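Only one structure is covered here, and it is reproduced in the block below.
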Amino acid sequence: MSATTTGAAIVAGVCGQPIRHSMSPAIHNAWIAAAGLDAAYVPFAPGEENFEAFVEGLRGGAIRGLNVTIPFKEQALACANNCSDLARVAGAANLLIFEADGTIRADNTDGPGLIQAIAAQAPGFDLALSPVVIIGAGGAARGAAAALALAGAPRISIVNRTVARAEAIVRSIGGVVEAVSDGELDALLGQAGLVINATSLGLGGGPGPAARLELTPKNAVVVDMVYKPLHTEFLRRAEAAGRRTVDGLEMLLRQAIPSFEAFFGVKPPISVDVRALALARLGEAAR
Ligand code: ATR
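Counting from 417, one number per residue, gives the positions in the sequence shown under my numbering.
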């Protein structure tokens, strides 16, 4: 929300359950204020049973668009009339745009956000030479696997507590993506160029996935999509083993950029240090 918000403001928001601790309103509203836009970005937390009814009610452009987060990313895609290749391949959407003609367009900016975060925090990383291990098989893992497959990763191995969910991702993406069991993980880590925690393990400060990161090649890059805390137990173990790390906050910030452009038609102003703003909110020091 900016000081200049009027009755003609463009409204967008973020939808999840729970949404209370989302960082997205602070990020987008900081950009809105710095750009001097007549706009607002607000949080929504429909009940888990009510997501579809909520989205249906927004058809016709009551608001311009929505970011979608846990647990609605797969349902969001199902509500849309058309979608980007990435959202289709991922089988999940984190961005819905409400067109004036009543249609809904879905996109997935999580995967590109991940790739840009890696480029920013692990410069020189070569995806084409890097077998990937993804731990987790929810909406976040889907977005990552789709984008990494389209970007040319040679192999993407998905391990998940519920193996059927990893197998479902293989069915929707196919190609270089495979579902693997816990028993295969150590051997895969030994060859991995990129290891990603796409589970919620570690959120709030608990232990992350038990993967033995010290088995990875020395030049492997370790990513945690969890950003609360910023320095998760998983990333701390990777750092202790001397591996380069990429944090979930950078990915969150990078996925927000194309969302902002889709909502408001302009690039976020570079004058705002949204990472510093987010770190202050998280009570974290800069890395
Ligand atoms: P998101 O949209 O962020 O991916 P999600 O769809 O709820 O959220 O997926 C959460 C992921 O964390 C899943 O891979 C989940 O494993 P299951 O598919 O077996 O549920 C994983 N996860 C959550 N809690 C876990 C736990 N205690 N142990 C192992 N995996 C866990």
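Just so it is clear, CB atoms sit at the ideal spot from N, CA and C, and this is done for glycine as well.
Note that the coordinates shown come from a computational prediction; the quantities given were computed from them, not determined experimentally.
Given 8 Å, three or more beta-carbon pairs between the region 487-494 and the region 629-639: A contact between stretches requires three or more CB pairs, one per stretch, nearer than 8 Å, and the region 487-494 fails this requirement with the region 629-639.
Alpha-carbon to alpha-carbon, residue 574 and residue 627: When the Cα atoms are used, residue 627 and residue 574 turn out to be separated by approximately 12 Å.
Identity of the residue in 670, 666 and 608 nearest residue 545 by Cα: Of the candidates 670, 666 and 608, the one whose C-alpha sits nearest the C-alpha of residue 545 is 608.
Beta-carbon proximity check, residue 450 vs residue 675, cutoff 8 Å: Between residue 450 and residue 675, the C-beta gap is not smaller than 8 Å, which leaves the two residues out of contact.
Length of the line joining the Cα atoms of residue 554 and residue 678: Near 24 Å, if we compare the C-alpha coordinates of residue 678 and residue 554.
Member of 629, 480 and 516 whose CA lies at the smallest distance from the CA of residue 430: Nearest to residue 430 by C-alpha distance, out of 629, 480 and 516, is 480.
Proximity below 8 Å, CB of residue 475 to CB of residue 514: Closer than 8 Å, so yes.
Contact the region 640-648 vs the region 492-511: 3+ CB pairs below 8 Å: Touching, no.
Beta-carbon gap between residue 639 and residue 531 smaller than 8 Å: With a cutoff of 8 Å on beta-carbon distance, residue 639 and residue 531 are scored as not near each other.
Burial state of residue 666 (16 or more Cβ within 10 Å): That one is buried.
Any non-hydrogen atom of the ligand ATR closer than 7 Å to residue 576 Cβ: When distances are taken from the beta-carbon of residue 576 to the heavy atoms of the ligand ATR, the shortest one is below 7 Å.
Three-way DSSP call (helix, strand, coil) for residue 528 in this model: Three-state result, residue 528: helix.
Heavy atom of the ligand ATR within 7 Å of residue 683 beta-carbon: It does not: the Cβ of residue 683 is nowhere closer than 7 Å to a heavy atom of the ligand ATR.
Cα-Cα separation, residue 567 to residue 543: Distance between the alpha carbons of residue 567 and residue 543: 8 Å.
Burial state of residue 624, where buried means 16 or more other Cβ atoms lie within 10 Å: Buried, by the Cβ-count rule.
Beta-carbon proximity of residue 596 to residue 571, cut-off 8 Å: At the C-beta level, residue 596 and residue 571 stay beyond 8 Å of one another.
From 684, 421 and 463, residue whose alpha carbon lies closest to that of residue 434: Considering only alpha carbons, the answer is 463.
Residue 697: CB within 7 Å of a non-hydrogen atom of the ligand ATR: No, Cβ of residue 697 sits at least 7 Å from all heavy atoms of the ligand ATR.
Every unbroken alpha helix (DSSP H) within the region 541-593, with a cutoff of 4 residues, ordered by chain: Scanning the region 541-593 for uninterrupted alpha helix (DSSP H) segments of 4 residues or longer gives 555-566 and 579-589, listed from N- to C-terminal end.
Element boundaries [alpha helix (DSSP H), containing residue 692]: Run containing residue 692: 690-698, per the alpha helix (DSSP H) assignment.
DSSP-derived helix/strand/coil call for residue 598: It is helical.
Three-way DSSP call (helix, strand, coil) for residue 426 in this model: Residue 426: strand per DSSP, three-state reduction.
C-beta contact flag for residue 695 and residue 654 at 8 Å: No, they are not a contact pair.
Any non-hydrogen atom of the ligand ATR within 7 Å of residue 617 CB: At least one heavy atom of the ligand ATR is nearer than 7 Å to the Cβ of residue 617, so yes.
Simplified DSSP state of residue 441, which is helix, strand or coil: Judged by DSSP in its simplified three-state form, residue 441 adopts helix.
Collapsed DSSP secondary structure at residue 669 in the structure displayed: Note: residue 669 maps to helix in three-state DSSP.
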